[in-house]
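Q:
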Amino acid sequence: MAAGTQRRTRKRVHPLPEPVSRQWFRRRLLEWYGRNGRDLPWRQTRDPYRILVSEVMLQQTQVDRVLPKYQEWLDKYPTLAALAAAPEADVSAAWRPLGYNIRPRRLHAIARESVDRYGGELRGDEATLRSFKGIGAYTAGAMLSFAFGQRAAIVDTNVARVLFRIFVGSGDPKSHAMRRHLWEVSRTVLPMRRVFDFNQALMDFGATLCTARKPQCPVCPMRTRCAAYPYDPS
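Letter by letter, the sequence shown follows residues -3 to 230 in the working numbering.
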């Protein structure tokens, strides 16, 4: 048997969630989000540019630090065209004190490219979004689901933690193979409807309840079927 055939027929180490588990998880997660979801300004818009700004700002930065800068940035650069027309030095200065200063430069480059190629718009297809340097799989998925209402999966640090703990529970969560598996899990559990709420709920769940260091397992609505419960931080 050829090596490629062997790879295709090899049994999964970690199976994907069964339909009953998917439905249970979706229902529990959306019920939790209805009670506990955060009221954030970028959840009140479907403008692709505003959602892109929020996603770039939130990379490796806490929400409470992003909140005041988000509106300040949009007041200064309300559109991709306005951002594209600004000098790079001004853009970098407007970003402070968020840090990771490659991010404003990438956002500036995306704005300029969007103006040159697409008339200052961001299109709702994955291939086009990912053609921009700085828009990877997660950011493209976030924009497709949050701005364009499409059924698109996401996996960031918080989402990966939630899916790993609930549906996997063992192995190296940072390995490339596990990361690929978690993307498959994310696509598998994604509902046909309410994708915006579901993906926002995944992020909130990981950011506020299923946290990295002190997850609130005793009050977690997933604990009865969580593969990692009870969680041992050691």
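Glycine residues also receive a C-beta, built at the ideal position from the N, C-alpha and C atoms. Given the structure is predicted, the values throughout are model-derived calculations rather than measurements.
Among the residues of its own chain, which have a CB less than 7 Å from the CB of H104, if the five just before and after it don't count?
A: For H104, where only same-chain residues beyond five positions count, the Cβ hits under 7 Å are L79, E84, V87.
Q: With three or more C-beta pairs closer than 8 Å as the rule, is the region 179 to 191 touching the region 132 to 149?
A: Enough Cβ pairs lie closer than 8 Å, so yes.
Q: Short of 6 Å in beta carbon distance, which residues of its chain neighbour V62, apart from the five on each side in sequence? Order them along the chain.
A: So the qualifying residues of the chain are M53, L54.
Q: According to DSSP, is A(-2) helix, strand or coil?
A: Any reading at A(-2) must be qualified, since the residue scores a pLDDT of 49, below 50, and its modelled position is unreliable; the value itself is stated next. DSSP places A(-2) in coil when its eight states are reduced to three.
Q: Is it buried or exposed, H172, if we count other Cβ atoms within 10 angstroms and call 16 or more buried?
A: Classification of H172: exposed, given that the 10 Å Cβ count is below 16.
Q: Counting only the same chain and skipping the five closest in sequence on each side, list residues whose C-beta sits under 8 Å from that of Y96.
A: These residues qualify, in order along the chain: Q55, Q56, T57.
Q: Alpha helix (DSSP H) containing E265: first to last residue?
A: Lying before the first or after the last residue shown, residue 265 is absent from the chain, which here runs from -3 to 230.
Q: Specify, as a first and last residue, the run of the alpha helix (DSSP H) that H172 falls within.
A: Run containing H172: 172 to 185, per the alpha helix (DSSP H) assignment.
Q: Take N32 and list the residues in its own chain whose beta-carbon comes closer than 8 Å to its own, dropping the five residues that flank it on each side.
A: Cβ within range, chain order: D200, T204, L205.
Q: In whole angstroms, what is the alpha-carbon distance linking L12 and V181?
A: Each residue's alpha carbon lies about 6 Å from the other.
Q: Reducing DSSP to helix, strand and coil, say where Q40 ends up.
A: DSSP places Q40 in coil when its eight states are reduced to three.
Q: Nearest to Q212 by alpha carbon, out of R46, R161, P169, I98?
A: Cα-wise, what sits closest to Q212 is R161.
Q: Quick check: what's the CA-CA separation for R102 versus K129?
A: Distance between the alpha carbons of R102 and K129: 7 Å.
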